[in-house]
Amino acid sequence: MKKNYVAIALTVLMILGIFVSCTSPEQKIVGTWKSDSSAVLGVKVESVYVFNEDGTGTMSALLGVEVPIKYSFSDDKLVVTTVILGNDAATTEYDYKFSGNNLVLSIGGESVTYTRAA
579 MKKNYVAIAL TVLMILGIFV SCTSPEQKIV GTWKSDSSAV LGVKVESVYV FNEDGTGTMS
639 ALLGVEVPIK YSFSDDKLVV TTVILGNDAA TTEYDYKFSG NNLVLSIGGE SVTYTRAA
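Numbering (our numbering), first residue to last: 579 to 696.
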């Protein structure tokens, strides 16, 4: 009888593991992400990304100015394009890693950790 319970429990855990591992980066990234504050010329700067489900969002940093973005995933990179006056302005490709409630974006050997906002 105990063997049946163990077998059922293992089966349930495997099924849950499959669902968790199938979460795509597109699904994981949706939401608001804030970086650790840092000081630039004595002014606290916190950068914030907002990623919407439709591949759009905003980024803000210095003085809280929000800039519209478009984002996608390509070749294991997060591709972020800033949009200014309705036109694509600049595109940046980041290496990315999810770790719990953190998103680490890296480019050129530099990394910034963002934490999912509540």
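All C-beta atoms in this analysis are idealised placements derived from N, C-alpha and C, irrespective of residue type, glycine included.
Contact set for residue i: own chain, Cβ-Cβ below 6 Å, skip 5 residues either direction
{"i": "residue 669", "result": "659"}
{"i": "residue 664", "result": "none"}
{"i": "residue 671", "result": "655 and 657"}
Buried versus exposed, by CB contacts within 10 Å (16 or more), residue i
{"i": "residue 635", "result": "buried"}
{"i": "residue 656", "result": "buried"}
{"i": "residue 629", "result": "buried"}
Rounded distance between the beta-carbons of residue j and residue i, thought under 8 Å
{"i": "residue 673", "j": "residue 684", "result": "4 Å"}
{"i": "residue 631", "j": "residue 608", "result": "5 Å"}
{"i": "residue 625", "j": "residue 637", "result": "7 Å"}
{"i": "residue 639", "j": "residue 623", "result": "6 Å"}
Contacting residues, own chain, Cβ-Cβ under 8 Å from residue i (five flanking each side not counted)
{"i": "residue 680", "result": "691, 692, 693 and 694"}
Cβ shell of residue i (< 7 Å), same chain only, five flanking positions each side left out
{"i": "residue 633", "result": "648, 649 and 650"}
{"i": "residue 675", "result": "682"}
{"i": "residue 627", "result": "611, 635, 637 and 692"}
Item to check | Residue ranges of each alpha helix (DSSP H) within the region 603-659, 4 or longer | outcome: 603-607
Item to check | Ordered list of beta strand (DSSP E) runs contained in the region 666-691, each at least 3 residues | outcome: 680-685
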